[in-house]
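I have placed the structure first, in the form of structure tokens, so that the comments after it can refer back to it.
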Amino acid sequence: MYCRIPPEPKKTRCKKAPKIVLPEDRLVESYYARHPEAKFIPFELNSFDPPPARKFAWRQLELMNQGHPRDIARDMVEVEFAEAEKAAEEAFRAERRRAVMEGREPPALKKSKIEEIQEEEWEYLSQGLAAIGSQGRKAGEKLPGSERPARVSSFS
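Mapping of the sequence shown onto the UniProt record's numbering: position 80 corresponds to residue 80, and the numbering continues sequentially without gaps.
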């Protein structure tokens, strides 16, 4: 007599995928330990521009590959980044001064991510309002789908 039950499937153990560890990961962690505020700097996820911590770690790793010890490479990169930030800030101030002297409107301060998102939302909102206005609706007309549902009394 034959058994009509299929054979039990072979048990295989699924191992976890190995964790991918990059050479600069330890350097990024140490950067965040020294600069905890850097964790909150927003960056575009779909951008090819890496976060500041990763840029820092890449430069430090580059100096370490040239033969500098880890701590000296870190100090060198700290100085480089501070100088670059100071130079960018000074260039921005000079541009603002030049614009004021020429009578032009000075360049705006860098916007935060929230302000950028709000501007983008405002564009979509104004486009939507313009589309509604172009349909020729009168002030008293209701929009389709904007009818209120009938009020349901809980005392009936």
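Each residue gets a CB set at the ideal place from its N, CA and C atoms; glycine is no exception.
Practice problem: Hey, could you find the ends of the alpha helix (DSSP H) P52 is sitting in? | Solution: 52 to 65
Quiz item: Of the choices E115, R96, W58, whose alpha-carbon is the least far from that of D29?
Solution: Note that residue 29 is Glu in the sequence shown here, rather than Asp. E29 has its Cα closest to that of W58, out of E115, R96, W58.
Quiz item: Under 7 Å between the Cβ atoms of F56 and V77?
Solution: yes
Quiz item: Looking at the structure shown, is E105 part of a helix, part of a strand, or coil, going by DSSP?
Solution: Looking at E105 - three-state DSSP - the assignment turns out to be coil, as it is neither helix nor strand.
Quiz prompt | Residue nearest to E24 in terms of C-alpha spacing, selected from A17, R54, P7 | solution = R54
Quiz item: How would you call L109, buried or exposed, if buried means at least 16 neighbouring beta carbons within 10 angstroms?
Solution: exposed
Quiz item: Taking DSSP as the reference, what is the three-state secondary structure of R98?
Solution: helix
Practice problem: Could you give the DSSP three-state label for P18: helix, strand or coil? | Solution: coil
Quiz item: CB E119 to CB P107, shorter than 7 Å?
Solution: no
Practice problem: Specify, as a first and last residue, the run of the alpha helix (DSSP H) that I41 falls within. | Solution: Run containing I41: none; DSSP gives neither H nor E here.
Quiz item: Which of helix, strand or coil does DSSP assign to S126?
Solution: helix
Self-check item: Distance between F92 and E102 (C-alpha atoms, nearest Å)
Solution: 15 Å
Quiz prompt | The alpha helix (DSSP H) enclosing S30, as first and last residue numbers | solution = Per DSSP, S30 belongs to the alpha helix (DSSP H) from 25 to 34.
Quiz item: Beta-carbon of Q66 versus every beta-carbon of chain B: anything under 7 Å?
Solution: Included in the structure is just one protein chain, with no chain B present.
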